[in-house]
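Numbering (the UniProt record's numbering), first residue to last: 1 to 185.
The C-beta atom is built at its ideal place from N, Cα and C for all residues, glycine as well.
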C-alpha cells in the first residue's frame, strides 16, 4: 500500500521538501490523490565537534494511515540510526538502537527529544556549527521520502549513555566528548 503525502505543514525555522518539492515555511497542497498530511515541527541537530550527534523535533502523522520510518540518510555523517532510551538492569536509562524503525500511528506524533527517541548521526564528516543547516531524508516503509532541513543549535545536554558495550559507536557512552551519565537534559 503506497502512502502519499499531500500537504506538509512547516512550523518553526524548518524548511521541508516532499518528493523534491521545497517548502519555505508555508503550507503546500500537492497533486496527490489522497487527502493526507504530514507535519514536521522544529527539526534541529545538536552542534558537535566530535564523532556523533543527534537530531530532534516532532513528526506528526495526520495521514490517516500508520507510518513506519525504516531508514534515514544525511550527507553529514557515515550513517544514521534511530535510538530510544530504555531502563537497563541497574535501573539506569541508557540509549540503544531501536529494532524495526520508528512507528508513527495515524493521528500521533513522534517526539524526537534529548533524553528520548532521536536520530543518531554517526561518523560525522565535519564539525557541525550552530546556525548551519543539515539535510535529512526520512524513508518510510511504504511511501514517499520526506526531506527535512534541520537547523544546527548549541545544546549542552544530549549525552545519553549507551546500553551495554555501545556496539558500533566507538566509546561506550555519550554522543561525543563530555558525556553526561545522568540522563537529565
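Among the candidates 109, 86, 126, whose CA atom is the shortest distance from the CA of residue 78?
Selected option, being the one with the closest Cα: 126.
Would you tell me roughly how many angstroms separate the C-alpha atoms of residue 59 and residue 111, rounded to the nearest one?
Rounded to the nearest whole angstrom, the CA to CA distance from residue 59 to residue 111 is 7 Å.
Taking the beta strand (DSSP E) that residue 65 belongs to, which residues open and close that run?
Unbroken run through residue 65: none, as it is neither H nor E.
Within 8 Å of any Cβ in chain C, is that where the Cβ of residue 54 sits?
Checking the listed chains, one finds no chain C in this structure; it contains a single protein chain.
Determine the extent of the beta strand (DSSP E) in which residue 87 is found, giving its start and end residues.
77-87 is the span of the beta strand (DSSP E), which, as asked, contains residue 87.
Would you mind giving the Cβ-Cβ distance between residue 40 and residue 53, rounded to the nearest angstrom? I have them listed as a contact below 8 Å.
Approximately 19 Å separates the beta-carbon atoms of residue 40 and residue 53; this is outside 8 Å, ruling out the contact.
Residue from 42, 57, 108 with nearest C-alpha to residue 66:
Of the listed residues, the one whose Cα sits closest to residue 66 is 108.
Residues of its chain near residue 135, where Cβ-Cβ distance is below 7 Å and the 5 sequence neighbours each way are ignored
Within the same chain, residue 135 has close Cβ partners 74, 75, 147, 149.
Using 10 angstroms around the beta-carbon of residue 64, count the other beta-carbons present and answer buried if the total reaches 16, otherwise exposed.
With fewer than 16 other beta carbons inside 10 angstroms of its own, residue 64 counts as exposed.
Supposed close pair residue 119, residue 68 - CB separation, criterion 8 Å:
Here residue 119 is actually not in contact with residue 68; their C-beta atoms are around 15 Å apart, not less than 8 Å.
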